[in-house]
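Take a look at the structure set out below.
In the numbering used here, the protein residues as written are 288 to 493.
Here is the structure:
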(Lines of atoms letter the chains of each structure in order from A and count residues from 1; the text may use other names and numbers.)
(Lines give C-alpha, C1' and ligand atoms only; values in the text may rest on other atoms or scores of the structure.)
Protein backbone atom coordinates (compact mmCIF):
# COMPACT_ATOMS: atom_id res chain seq x y z
CA UNK A 1 0.00 0.00 0.00
CA UNK A 2 0.99 3.62 -0.48
CA UNK A 3 1.19 4.04 3.29
CA UNK A 4 4.21 1.68 3.30
CA UNK A 5 6.31 4.04 1.15
CA UNK A 6 8.07 5.69 4.15
CA UNK A 7 9.34 2.23 5.14
CA UNK A 8 10.99 1.57 1.76
CA UNK A 9 14.65 0.71 2.14
CA UNK A 10 14.25 -0.47 5.73
CA UNK A 11 15.16 -4.10 6.26
CA UNK A 12 15.57 -4.37 10.03
CA UNK A 13 12.78 -4.26 12.59
CA UNK A 14 14.24 -5.17 16.00
CA UNK A 15 10.96 -4.27 17.69
CA UNK A 16 8.84 -6.22 15.21
CA UNK A 17 6.67 -5.07 12.33
CA UNK A 18 3.53 -4.15 14.25
CA UNK A 19 2.03 -1.04 12.74
CA UNK A 20 3.97 -1.30 9.48
CA UNK A 21 1.47 -1.05 6.60
CA UNK A 22 1.43 -4.18 4.43
CA UNK A 23 3.66 -6.21 6.77
CA UNK A 24 0.94 -8.77 7.48
CA UNK A 25 0.27 -9.22 3.75
CA UNK A 26 3.95 -9.89 3.02
CA UNK A 27 4.28 -12.25 5.97
CA UNK A 28 1.27 -14.23 4.78
CA UNK A 29 2.76 -14.83 1.32
CA UNK A 30 6.45 -13.83 1.03
CA UNK A 31 6.87 -15.58 -2.33
CA UNK A 32 4.17 -13.44 -3.89
CA UNK A 33 5.81 -10.26 -2.62
CA UNK A 34 9.18 -11.43 -3.96
CA UNK A 35 7.72 -12.16 -7.40
CA UNK A 36 6.10 -8.74 -7.44
CA UNK A 37 9.48 -7.17 -6.73
CA UNK A 38 11.07 -9.18 -9.55
CA UNK A 39 8.36 -8.00 -11.95
CA UNK A 40 9.20 -4.41 -11.09
CA UNK A 41 12.87 -5.07 -11.82
CA UNK A 42 12.02 -6.75 -15.13
CA UNK A 43 9.95 -3.74 -16.08
CA UNK A 44 12.87 -1.44 -15.18
CA UNK A 45 16.04 -3.34 -16.21
CA UNK A 46 18.31 -0.31 -15.81
CA UNK A 47 17.34 -0.14 -12.15
CA UNK A 48 18.29 -3.80 -11.77
CA UNK A 49 21.65 -3.21 -13.47
CA UNK A 50 22.32 -0.20 -11.26
CA UNK A 51 21.47 -2.22 -8.16
CA UNK A 52 23.91 -4.99 -9.12
CA UNK A 53 26.73 -3.13 -10.88
CA UNK A 54 26.36 -0.01 -8.78
CA UNK A 55 25.42 -0.76 -5.20
CA UNK A 56 26.23 -4.47 -5.17
CA UNK A 57 29.68 -4.25 -6.76
CA UNK A 58 30.61 -1.15 -4.76
CA UNK A 59 29.69 -2.97 -1.54
CA UNK A 60 32.55 -5.42 -2.17
CA UNK A 61 34.82 -2.64 -0.89
CA UNK A 62 33.41 -3.40 2.57
CA UNK A 63 34.91 -6.89 2.65
CA UNK A 64 36.66 -6.05 5.92
CA UNK A 65 33.31 -6.50 7.74
CA UNK A 66 34.59 -4.40 10.60
CA UNK A 67 31.23 -4.46 12.35
CA UNK A 68 31.46 -8.21 13.00
CA UNK A 69 33.36 -9.57 16.02
CA UNK A 70 36.96 -10.38 15.11
CA UNK A 71 37.54 -12.65 18.09
CA UNK A 72 35.62 -15.60 19.60
CA UNK A 73 32.79 -14.65 21.93
CA UNK A 74 33.42 -15.31 25.61
CA UNK A 75 31.33 -14.79 28.76
CA UNK A 76 33.07 -11.43 29.09
CA UNK A 77 32.07 -10.27 25.62
CA UNK A 78 29.68 -7.33 25.50
CA UNK A 79 26.81 -7.85 23.08
CA UNK A 80 25.95 -4.93 20.80
CA UNK A 81 22.85 -2.95 21.69
CA UNK A 82 19.72 -4.26 19.98
CA UNK A 83 18.87 -2.14 16.99
CA UNK A 84 22.41 -0.87 16.45
CA UNK A 85 23.36 -1.04 12.77
CA UNK A 86 25.99 0.32 10.40
CA UNK A 87 25.92 1.17 6.71
CA UNK A 88 27.58 -2.07 5.58
CA UNK A 89 24.59 -4.00 6.89
CA UNK A 90 22.17 -2.23 4.58
CA UNK A 91 19.50 -2.27 7.26
CA UNK A 92 18.44 1.31 6.62
CA UNK A 93 18.57 3.14 3.31
CA UNK A 94 20.09 6.37 4.66
CA UNK A 95 22.86 4.50 6.48
CA UNK A 96 23.65 2.42 3.40
CA UNK A 97 23.79 5.43 1.08
CA UNK A 98 25.94 7.35 3.56
CA UNK A 99 28.41 4.46 3.75
CA UNK A 100 28.54 4.08 -0.05
CA UNK A 101 29.10 7.82 -0.49
CA UNK A 102 32.04 7.64 1.91
CA UNK A 103 33.94 5.02 -0.10
CA UNK A 104 36.99 6.49 -1.82
CA UNK A 105 36.86 4.57 -5.13
CA UNK A 106 33.30 3.25 -5.62
CA UNK A 107 33.97 2.60 -9.33
CA UNK A 108 36.94 0.29 -8.70
CA UNK A 109 35.17 -3.11 -8.30
CA UNK A 110 33.14 -2.79 -11.50
CA UNK A 111 36.23 -1.57 -13.35
CA UNK A 112 38.30 -4.53 -12.17
CA UNK A 113 35.58 -6.93 -13.30
CA UNK A 114 35.38 -5.21 -16.71
CA UNK A 115 39.15 -5.39 -17.18
CA UNK A 116 39.22 -9.07 -16.24
CA UNK A 117 36.44 -9.92 -18.66
CA UNK A 118 37.98 -7.88 -21.48
CA UNK A 119 41.36 -9.47 -20.90
CA UNK A 120 39.86 -12.94 -21.17
CA UNK A 121 38.11 -12.08 -24.44
CA UNK A 122 41.13 -10.37 -26.01
CA UNK A 123 43.46 -13.29 -25.34
CA UNK A 124 41.26 -16.14 -26.54
CA UNK A 125 43.49 -16.72 -29.57
CA UNK A 126 46.55 -14.60 -28.82
CA UNK A 127 49.34 -14.38 -26.30
CA UNK A 128 51.61 -16.98 -24.80
CA UNK A 129 50.16 -19.98 -22.96
CA UNK A 130 50.98 -18.32 -19.63
CA UNK A 131 49.25 -15.08 -20.63
CA UNK A 132 46.17 -16.94 -21.87
CA UNK A 133 45.97 -18.98 -18.68
CA UNK A 134 46.25 -15.94 -16.42
CA UNK A 135 43.74 -14.03 -18.53
CA UNK A 136 41.24 -16.86 -18.29
CA UNK A 137 41.66 -16.95 -14.53
CA UNK A 138 41.01 -13.19 -14.41
CA UNK A 139 37.93 -13.49 -16.62
CA UNK A 140 36.49 -16.47 -14.76
CA UNK A 141 36.98 -14.78 -11.39
CA UNK A 142 35.39 -11.57 -12.71
CA UNK A 143 32.33 -13.31 -14.14
CA UNK A 144 31.87 -15.35 -10.97
CA UNK A 145 32.17 -12.23 -8.81
CA UNK A 146 29.47 -10.41 -10.78
CA UNK A 147 27.23 -13.49 -10.65
CA UNK A 148 27.63 -13.73 -6.87
CA UNK A 149 26.80 -10.06 -6.45
CA UNK A 150 23.72 -10.46 -8.64
CA UNK A 151 22.60 -13.48 -6.62
CA UNK A 152 23.08 -11.57 -3.36
CA UNK A 153 21.18 -8.49 -4.50
CA UNK A 154 18.35 -10.35 -6.20
CA UNK A 155 18.10 -12.92 -3.42
CA UNK A 156 18.18 -10.72 -0.33
CA UNK A 157 18.21 -7.12 -1.47
CA UNK A 158 20.69 -4.84 0.26
CA UNK A 159 20.31 -6.31 3.75
CA UNK A 160 23.73 -7.48 5.03
CA UNK A 161 25.04 -6.58 1.59
CA UNK A 162 28.74 -6.31 2.53
CA UNK A 163 28.68 -9.76 4.13
CA UNK A 164 26.78 -11.36 1.27
CA UNK A 165 29.25 -10.11 -1.37
CA UNK A 166 32.38 -10.97 0.62
CA UNK A 167 33.33 -13.89 -1.64
CA UNK A 168 32.84 -11.68 -4.69
CA UNK A 169 35.27 -9.18 -3.15
CA UNK A 170 37.87 -11.94 -2.80
CA UNK A 171 37.33 -13.01 -6.43
CA UNK A 172 37.86 -9.43 -7.60
CA UNK A 173 41.22 -9.48 -5.83
CA UNK A 174 42.03 -12.68 -7.73
CA UNK A 175 40.95 -10.92 -10.94
CA UNK A 176 43.23 -7.97 -10.29
CA UNK A 177 46.20 -10.18 -9.37
CA UNK A 178 45.79 -12.43 -12.42
CA UNK A 179 45.40 -9.44 -14.76
CA UNK A 180 48.52 -7.80 -13.31
CA UNK A 181 50.55 -10.98 -13.68
CA UNK A 182 49.32 -11.40 -17.25
CA UNK A 183 50.52 -7.88 -18.03
CA UNK A 184 53.91 -8.55 -16.48
CA UNK A 185 54.35 -11.81 -18.40
CA UNK A 186 53.23 -10.20 -21.66
CA UNK A 187 55.52 -7.18 -21.29
CA UNK A 188 58.77 -7.27 -23.29
CA UNK A 189 61.70 -8.50 -21.23
CA UNK A 190 64.55 -6.17 -20.44
CA UNK A 191 64.69 -2.41 -20.97
CA UNK A 192 63.95 -2.47 -24.67
CA UNK A 193 67.47 -3.11 -25.88
CA UNK A 194 67.62 -5.23 -29.02
CA UNK A 195 69.63 -8.40 -29.10
CA UNK A 196 72.56 -8.17 -31.53
CA UNK A 197 72.47 -10.50 -34.52
CA UNK A 198 74.26 -13.80 -34.19
CA UNK A 199 77.96 -13.39 -34.69
CA UNK A 200 78.07 -9.79 -33.42
CA UNK A 201 79.28 -9.62 -29.85
CA UNK A 202 79.97 -5.91 -29.67
CA UNK A 203 83.77 -6.39 -29.54
CA UNK A 204 86.23 -6.67 -32.36
CA UNK A 205 87.41 -10.16 -33.24
CA UNK A 206 90.01 -11.48 -35.57
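From the three backbone atoms N, C-alpha and C, an ideal C-beta is built for every residue, glycine too.
Small disclaimer: the values here were computed from a predicted structure and weren't measured.
For residue i, the first and last residue of its enclosing alpha helix (DSSP H)
| i | result |
| --- | --- |
| residue 291 | Residue 291 -> no alpha helix (DSSP H), and no H or E assigned at all. |
| residue 417 | 416-443 |
| residue 317 | 317-330 |
| residue 462 | 453-473 |
| residue 384 | 380-388 |
Neighbourhood of residue i by C-beta distance below 8 Å, restricted to the same chain and skipping five residues each side
| i | result |
| --- | --- |
| residue 468 | 421 |
| residue 298 | 377, 378, 379, 444, 445 and 446 |
| residue 475 | none |
| residue 352 | 375, 449, 450 and 453 |
| residue 382 | 372, 373, 374 and 376 |
| residue 333 | none |
For residue i, the residue or residues it bridges with in DSSP
| i | result |
| --- | --- |
| residue 413 | Per DSSP, none; premise fails for residue 413. |
Cβ shell of residue i (< 7 Å), same chain only, five flanking positions each side left out
| i | result |
| --- | --- |
| residue 463 | 399 |
| residue 335 | 328 |
Neighbourhood of residue i by C-beta distance below 6 Å, restricted to the same chain and skipping five residues each side
| i | result |
| --- | --- |
| residue 296 | 380 |
| residue 424 | 465 |
| residue 243 | This structure leaves residue 243 out entirely; the chain is present only between 288 and 493. |
Presumed contact (8 Å Cβ cut-off) between residue i and residue j, rounded CB distance
| i | j | result |
| --- | --- | --- |
| residue 291 | residue 308 | 4 Å |
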